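Numbering (my numbering), first residue to last: 30 to 178.
The beta-carbon is built from N, C-alpha and C at its ideal position, and this holds for glycine as well.
Note that the coordinates shown come from a computational prediction; the quantities given were computed from them, not determined experimentally.
Step one of this worksheet: look at the structure below.
Written out as structure tokens, the structure is:
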């Protein structure tokens, strides 16, 4: 039998990935500075902000305080993208879109890991609802990735 702490243990990891994704999308908006992607990136940012906010109550149960950090995996992708965009400016949009799609993959992976664990019912329902929204974000980013290729 799992303890209460174990039941919500993976929630902070999801929030960290979402926070990293928010920062990465915000940076991409600035670097790409084009109306083509602005509304799209704003939608992705809003979806992640809402999801992270919904999960904060469970982060508090897990660690006693809200989660405000970002994922190191997302930070590494962001640094990698910055480096690539400096080397080759003509593929900057594709580089950002490609790496942001990988962030969407990571969000779904973290949600799946949390859903594999036995969760409190309220947490389970919240995770399932968020996963549906994040799958939509992933699918939209995947379509944009194919267009940019």
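If residue i sits next to residue j, beta carbons under 8 Å apart, how far is it from one beta carbon to the other, in whole angstroms?
i	j	result
residue 43	residue 139	5 Å
residue 55	residue 127	So it is not a contact: roughly 18 Å between Cβ atoms.
residue 86	residue 41	That pair is no contact at about 12 Å.
residue 148	residue 156	7 Å
residue 39	residue 143	4 Å
residue 103	residue 135	7 Å
residue 53	residue 107	5 Å
With distances taken from CA atoms, which of the options is nearest residue i?
i	options	result
residue 162	65, 66, 57, 74	74
residue 141	85, 130, 153, 72	153
residue 111	124, 146, 67, 102	124
residue 178	165, 121, 48	121
residue 166	69, 151, 156, 52	69
residue 37	158, 84, 137, 59	84
residue 170	137, 158, 143	137
residue 109	97, 90, 61, 129	129
residue 164	45, 62, 131, 88	131
residue 81	49, 59, 71	49
residue 88	146, 145, 45	45
Buried or exposed: residue i, going by 16 or more other Cβ atoms within 10 Å of its Cβ?
i	result
residue 79	exposed
residue 99	buried
residue 94	exposed
residue 57	buried
residue 47	buried
residue 51	buried
residue 159	buried
residue 96	buried
residue 64	exposed
residue 168	exposed
For the ligand MN, is there any heavy atom lying closer than 8 Å to the beta carbon of residue i?
i	result
residue 172	Among the ligands in the structure shown, none appear at all, so the ligand MN cannot be discussed.
Threshold first: 4 residues or longer. Then list the alpha helix (DSSP H) segments lying entirely within the region 41-126, N to C. 64-92, 101-116
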